[in-house]
Every structure is written in C-alpha cells, then in structure tokens.
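Chemist: Provided herewith is a single structure, encoded as structure tokens, for subsequent inquiry.
Numbering (our numbering), first residue to last: 1 to 384.
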C-alpha cells in the first residue's frame, strides 16, 4: 500500500480538494487510539522518583519561640510609640525654650538628680522638700553675706556655736536650779505641815473621834492622828486645785484683754504674740508689772532679720523699677510785681534749681524759692 501524502497546513486552502485516498487515510487516522503506545516505540523504563529529604519536625518550644521572634509583639510596638512620643515632647520643649534636644535632656537629668537629692535629705532629716529648700536658701544667704569666704563662714559658725553652747549651759543650770528649788519647796511644805499637825495633835484626835465615832472606836490615838492628817492633806490639795483652776481662768481672761488692747502697729504679729503669751506662766501673766508690749517688740524685732530686711529692699527696688510714677510739676503762682529775688530766680536754669535743692534740701523750713534765691546769690558758679 502506497503511503498517502497529505497537504501541509499552509497548502490547505478553501480551493484544495482531497482525493478519495487522502480522505480514507484521514478517517483511518481519526479512528486510531492516540494515547496507546506505538509498536515501533520502545517502552522507556520508568524513572525512579527522587527521594524527598526527610523533614524533621522541630520541638514545640523551639517552634513557638521562633514564631514569637518572627511575629512582632504588641509590647515592642507600644515601646516604639512611647519612644516616639517622648522624642516629640523633647523637640517641642527644646523649640519653646530655644535649646537643642540634647541640652533639654541634660537639663531634665539635672533636675531629676536635684529632686532625688532633696528627697533623700528630707527623708534623712524628717522634713518636707519645701523645708529643705528653705533651709538651703538661708544657708546660701549666710554664705553670700560673708562673701562666700569659707574662713568667714567658719568663724561665724564657730561664734554662733559658742553662743549656743553658753545659752545651752545656762538653760541647763536654770533647769537644775528649778528642780532643786521645787524639791526644797516641797520638803519645806511637808515639814511645815507635819510641824503644825504635831502642835495640834490632841485637838485633831478629839475632832476625828467626834466626827467619825464608828471608825475611831477601834483605833488607837496614833491611828486617829494619822487618818486626821491624811484627810486634812486631801482637803488642802482639793482646795489648791480649785484655786489653781480659778487662777488659770483669771490669767486666760487677762491674756485676751492684753491682745485686745495692743496698739495697731502690732496687728501683723498677733499670732506670734498669742503663742508667747500661752507659754508664759499664769503667775507672770497676773503680775501687775507684766507688760505685753515687751513681747510685741520682741516678736517684731525677731521678724526683721537681715535677710528679711534685704528682701524688703529688693522688693521695693523691683516695684520701683516696674511701676515708676511720674510726679506732676508743682505750679506756683508768680508774684505780680517783679522784685530783685524774682530776677535772681529767673536767671537760674532747671539744672541750677536742682543743684540748689541738693545743697539746701536738708534745711528745715526752707521753701524752694528760698533755696533757688540763696543759690543764685551765693553759690552759682562757685560750688563746682
């Protein structure tokens, strides 16, 4: 059988017609199983599939740790956000005060260190931070007053300690004297009481038996005497307490009257004066020679320390700069008739007049016209 030649794809046009043999060959070809291997083809040996490498499963803990590292944690994001916010805050503050960020960081670190230092001192000394600041301000003021010279400061401190030591020694001596005096007074009172009781022994026994017959029936004279002494002592003690109570009320009333009758110049110091009056003994308060103005002057003088006076001067100077007041000129009436003194005054300039007031301003009773006239007559052109 001769092979049939079919036209190529390019040769197949609508005008080309296949022969019967060609059509038959096409039908035969269509009826074949194209998936079946051809007889002429040799079956290729099936290639062995490459073995896949064995995948070892990682331990669960290592796997979770790896996943945690790969997955960003929310805490890291929060830390980054906080760092960003802090950087923005520092930049804003640096811009406001005209500094760079590094300077702001250094400044805040110094402020934090200072705050920690103050807190430690306050804790050690049992004080508040404000009290520590006030104490250090006073210390600095003392150092400045002595020119920050360590020798002068040490000398002043030594002198103060010496004075303090003397005062402390005197106070201790006074306390010891008071204790001894009170003990001697108590012994004297006890001895005097016993002496008076002994002098009236028989009388006291009879009075005790008369007032307490049932109790005294089985007691000896000595026992009756001792019980009579005890009852008299208790009665005297109650009487003394009552007198002290009345005494205290009277002293308290007088304290209030002293405050009410204080001159107005001491109104700013009333709380301190009250405190000192409360510390005074009732006997002192009721003494006719006691004068509250001594305490008032003490309190006022105690407030006017060198530091306080300096603060007043600084405040007045600052107020004078911030709130200057222009004094309006004083218009004086001119004399209707021109005199010799008027001519002299008119010959003066404003500078001359000010100079005249500088020279004669301290003389009592002198008017400006007199100062100007005297200056024009005697000193103009001669005082420099």
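A virtual CB, placed ideally from N, CA and C, is assigned to each residue, including glycine.
Classify residue 18 as helix, strand or coil using the three-state DSSP reduction.
Modeler: Coil, per DSSP.
Chemist: By the DSSP assignment, the alpha helix (DSSP H) with residue 224 in it spans what residues?
Modeler: Residue 224 -> alpha helix (DSSP H) spans 221 to 260.
Chemist: Nearest by alpha-carbon distance to residue 226: which of 263, 173, 218 and 208 is it?
Modeler: Closest option to residue 226, Cα to Cα, is 208.
Chemist: Can you list the alpha helix (DSSP H) stretches of 4 or more residues lying completely in the segment 66 to 116, in chain order?
Modeler: The segment 66 to 116 contains these whole alpha helix (DSSP H) runs: 74 to 97.
Chemist: Where in the segment 122 to 186 do unbroken runs of the alpha helix (DSSP H), each at least 4 residues long, occur, reported from the N-terminal end onward?
Modeler: Counting only runs of 4 or more, we get 129 to 145.
Chemist: Could you tell me whether the Cβ atoms of residue 277 and residue 299 are closer together than 8 Å?
Modeler: Taking 8 Å as the Cβ cut-off, residue 277 and residue 299 do not qualify as a contacting pair.
Chemist: Below 8 Å, how does it come out for the segment 368 to 376 and the segment 349 to 356: are there three or more Cβ pairs, yes or no?
Modeler: Touching, yes, given that three or more Cβ pairs across the two stretches are closer than 8 Å.
Chemist: Taking only the alpha-carbon atoms, compute the straight-line gap between residue 236 and residue 214 and give it to the nearest angstrom.
Modeler: Distance between the alpha carbons of residue 236 and residue 214: 24 Å.
Chemist: For residue 295, count neighbouring Cβ atoms within 10 angstroms of its own Cβ and tell me buried if that reaches 16, exposed if not.
Modeler: Under this definition residue 295 is a buried residue.
Chemist: Consult DSSP for residue 6 and reduce its assignment to one of helix, strand or coil.
Modeler: Here residue 6 sits in coil by DSSP.
Chemist: Beta-carbon separation of residue 251 and residue 286 under 8 Å?
Modeler: It is a contact, given that the beta carbons lie within the stated cut-off.
Chemist: May I ask you to report which of helix, strand or coil DSSP gives residue 362?
Modeler: Correct three-state label for residue 362: coil.
Chemist: Please report the distance separating the alpha-carbon of residue 268 from that of residue 247.
Modeler: Rounded to whole angstroms, residue 268 to residue 247 spans 30 Å at the Cα level.
Chemist: Under three-state DSSP, which class holds residue 213?
Modeler: Helix.
Chemist: How about residue 249 and residue 259: do their beta carbons lie closer than 8 Å?
Modeler: Their beta carbons are not under 8 Å apart, which means residue 249 does not touch residue 259 by this criterion.
Chemist: Less than 6 Å between C-beta atoms, sequence neighbours within five positions excluded: which residues of the same chain meet that for residue 372?
Modeler: Excluding sequence neighbours, residue 372 sits near 345, 348, 353 and 356.
Chemist: Ends of the alpha helix (DSSP H) at residue 282?
Modeler: Here the alpha helix (DSSP H) through residue 282 covers 282 to 286.
Chemist: Near residue 129, which residues of its chain fall below 6 Å by C-beta distance, leaving aside the five closest residues on each side in sequence?
Modeler: Cβ within range, chain order: 118 and 122.
Chemist: With 16 other CB atoms within 10 Å as the buried threshold, where does residue 104 fall?
Modeler: Buried: at least 16 other Cβ atoms inside 10 Å.
Chemist: Can you give me the Cβ contacts of residue 221 inside the same chain, cut-off strictly under 8 Å, excluding the 5 residues immediately before and after it?
Modeler: If we look at residue 221 and ignore the five residues flanking it on each side, its Cβ neighbours are 205.
Chemist: Residue 144 to residue 150, Cα distance in whole Å?
Modeler: Near 11 Å, if we compare the C-alpha coordinates of residue 150 and residue 144.
Chemist: In its own chain, which residues sit with a C-beta less than 8 Å from the C-beta of residue 42, not counting the 5 before and 5 after it?
Modeler: Residue confidence for residue 42 is low, a pLDDT of 48 falling below 50, so the modelled location carries little weight and cannot support an answer.
Chemist: Who are the Cβ neighbours of residue 362 in its own chain at under 8 Å, not counting the five residues just before and after it?
Modeler: Contacts found: none.
Chemist: Just the C-alpha distance for residue 134 and residue 125, rounded to the nearest angstrom, thanks.
Modeler: If you take the alpha carbons of residue 134 and residue 125, they lie about 14 Å apart.
Chemist: Rounded to a whole number of angstroms, what is the C-alpha to C-alpha distance between residue 254 and residue 179?
Modeler: So the two alpha carbons sit approximately 28 Å from each other.
Chemist: Just the C-alpha distance for residue 161 and residue 245, rounded to the nearest angstrom, thanks.
Modeler: The straight-line gap from Cα to Cα measures roughly 42 Å.
Chemist: Does residue 292 pass the burial test, meaning 16 or more other C-beta atoms within 10 Å, or should it be called exposed?
Modeler: Label assigned to residue 292: buried.
Chemist: When you compare only the Cα positions, how much space is there between residue 141 and residue 153?
Modeler: Looking at the two C-alpha atoms, the distance is approximately 11 Å.
Chemist: Among 101, 272, 164 and 310, which residue has its Cα nearest to the Cα of residue 302?
Modeler: Among 101, 272, 164 and 310, the Cα nearest to that of residue 302 is on 272.
Chemist: How would you write the range of the alpha helix (DSSP H) that residue 369 sits in, first residue to last?
Modeler: Note, residue 369: alpha helix (DSSP H), 368 to 374.
Chemist: Where residue 47 and residue 26 are concerned, what is the direct C-alpha to C-alpha distance, given to the nearest angstrom?
Modeler: Since pLDDT at residue 47 reaches only 48, below the 50 mark, its modelled position is unreliable, and no value is offered.
Chemist: First and last residue of the alpha helix (DSSP H) that includes residue 400?
Modeler: Examination of residue 400 is not possible in this model, given that the chain is present from 1 through 384 alone.
Chemist: Cβ of residue 229 within 8 Å of Cβ of residue 197?
Modeler: Yes, Cβ-Cβ distance for residue 229 and residue 197 is below 8 Å.
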